[in-house]
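Numbering (full-length UniProt numbering), first residue to last: 1 to 67.
Even for Gly, the Cβ is constructed at its ideal location relative to N, Cα and C.
These numbers come from a predicted model, not from an experiment.
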């Protein structure tokens, strides 16, 4: 529970030698793209990270237009 509570806090690491900014930066990037990161964990089964980002409409990407 400790790690999950501190997961997205900067400079907190469960590993020796880690900087503790990876998950924090990933969350910041997801938020910047109007998305989010969901974390679920089951003891003995593992942890699942879901990155949910807003899909772009093809017209917004310039797709479908002749060059």
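DSSP state of residue i mapped onto helix, strand, coil
i: residue 22; result: helix
Near the ligand SAM: residue i beta-carbon under 7 angstroms from a heavy atom
i: residue 12; result: What this structure holds is no ligand at all, so the ligand SAM is not there to describe.
Residue i and residue j closer than 8 angstroms at C-beta
i: residue 6; j: residue 34; result: no
i: residue 50; j: residue 37; result: yes
Hey, which unbroken runs of the beta strand (DSSP E) at 3 residues or more fall wholly within the UniProt domain "Histidine kinase/HSP90-like ATPase" (5 to 55)?
When DSSP assignments are scanned along the UniProt domain "Histidine kinase/HSP90-like ATPase" (5 to 55), the uninterrupted stretches of beta strand (DSSP E) that are 3 or more residues long and fall wholly within it turn out to be 36 to 42 and 46 to 52.
Closer than 8 angstroms is the cut-off here; do at least three beta carbon pairs connect the segment 5 to 13 with the segment 23 to 39?
By the Cβ rule, the segment 5 to 13 counts as touching the segment 23 to 39, because three or more pairs are nearer than 8 angstroms.
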